[in-house]
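To start, the structure under review is shown below, and the notes come after it.
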Amino acid sequence: MNTPLPKRKALGKGLSALLGDRPTPEILAQATMIPLSKIQPNRFQPRSHFDDEELVALTKSIRKDGVLMPILIRPFGDGYELIAGERRWRASKAAKLREIPAVVRDVDDLQALELAIVENVQRDDLTSVESARAYRRLMDEFNYTQQQVAESIGVSRVQVSNLIRLLQLPDPIQNMLETRKIFMGQARPLVGVDSTTALTLAKHCVEKGWSARQMEREVKKLSMVGKKPVAAPAADVAALEEELTRKLAIPVALMKKKDGSGVLKISYQNKLELDAVLQRLRKEG
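Residue numbers (my numbering): 1482 to 1766.
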């Protein structure tokens, strides 16, 4: 049984407006000018790639018209920590501004991470692997289950599960997802494929413009000719993967071979995560 979501401090009305693009009179009334030197980056920022051309364009706009939408910050040390609005903050620094309009909210670390994720989701800024890492962080650092992540961010549990499975892919393929050379639908069939083959297929996908369906066909084709076993799970196997992933709160992959045998792969990132899985397994026993 999932534990209840931890209680959060109320953020008050207008939260969605704080994460949007258009300022309302209420938001502008709450904003105050804060020195840029007093603001540090968001330690919980899930987005790792910022488009240089977009930042240049935003910098030019800010030089001309100023910052129209206040950023969201929270008290931190002797200054503030950014929660939402990193592109505006970066562009304002590039534009040599000294101050920036900001709304201050006193939120905890969990809320800061959630708000950073929600802002990027609303803007469709995160790549699939950035979302996966952010969801994984909620699970690792705040003991969220996949269901709790889904409820917190406003997505389905299946989507959370599918995204987290992408973290089983080799780093070069995760980098391709991060730079949008390939996308989730094209990468999902590669989960469970040996690293060398998966990377070769991912490169072919980019070079030849394969669709997600074509990638599925190529992976299936390899399994049919008796090459290295790959994971092309049937619906029942996929359902079992999701069930195990949910129960263990950690990515689980099933690789099925032609002779009916297979491999159960449980991925963990550190000893604490391994200990947590072992405790769950012992409880089940």
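Glycine included, each C-beta is placed from N, C-alpha and C at the ideal position. Computed from a predicted structure; not experimentally measured.
Distance, residue j Cα to residue i Cα
i	j	result
residue 1583	residue 1551	5 angstroms
residue 1515	residue 1609	33 angstroms
residue 1761	residue 1743	23 angstroms
residue 1748	residue 1617	12 angstroms
residue 1638	residue 1612	13 angstroms
residue 1620	residue 1562	22 angstroms
residue 1511	residue 1566	16 angstroms
residue 1542	residue 1594	28 angstroms
residue 1527	residue 1600	10 angstroms
residue 1753	residue 1557	28 angstroms
residue 1446	residue 1728	A query on residue 1446 cannot be resolved here, the shown segment of the chain reaching from 1482 to 1766 and no further.
residue 1525	residue 1576	24 angstroms
residue 1521	residue 1666	35 angstroms
residue 1677	residue 1590	38 angstroms
residue 1645	residue 1693	18 angstroms
Endpoints, the beta strand (DSSP E) within which residue i is located
i	result
residue 1561	1560-1565
residue 1743	1743-1747
Which of helix, strand or coil DSSP assigns to residue i
i	result
residue 1513	strand
residue 1663	coil
residue 1620	helix
residue 1715	Low confidence applies here, because residue 1715 scores a pLDDT of 48, under 50, leaving its location unreliable and the question unanswered by this model.
residue 1750	coil
residue 1607	coil
residue 1521	strand
residue 1734	strand
residue 1504	coil
residue 1526	coil
Local Cβ density within 10 Å of residue i, reported as buried at 16 or more and exposed below that
i	result
residue 1656	exposed
residue 1750	exposed
residue 1733	buried
residue 1705	exposed
residue 1782	The structure shown has nothing for residue 1782, since the chain only spans 1482 to 1766.
residue 1660	exposed
residue 1722	buried
residue 1523	buried
- Message: Going residue by residue through the stretch 1622-1703, where are the continuous alpha helix (DSSP H) segments of at least 4 residues, counting only ones entirely within it?
- Response: With a minimum length of 4 residues, the continuous alpha helix (DSSP H) runs that stay inside the stretch 1622-1703 are 1627-1634, 1638-1646, 1652-1659, 1665-1668, 1676-1689.
- Entirely within the stretch 1528-1600 and at least 4 residues each: give me those alpha helix (DSSP H) ranges in chain order. 1533-1546, 1567-1575
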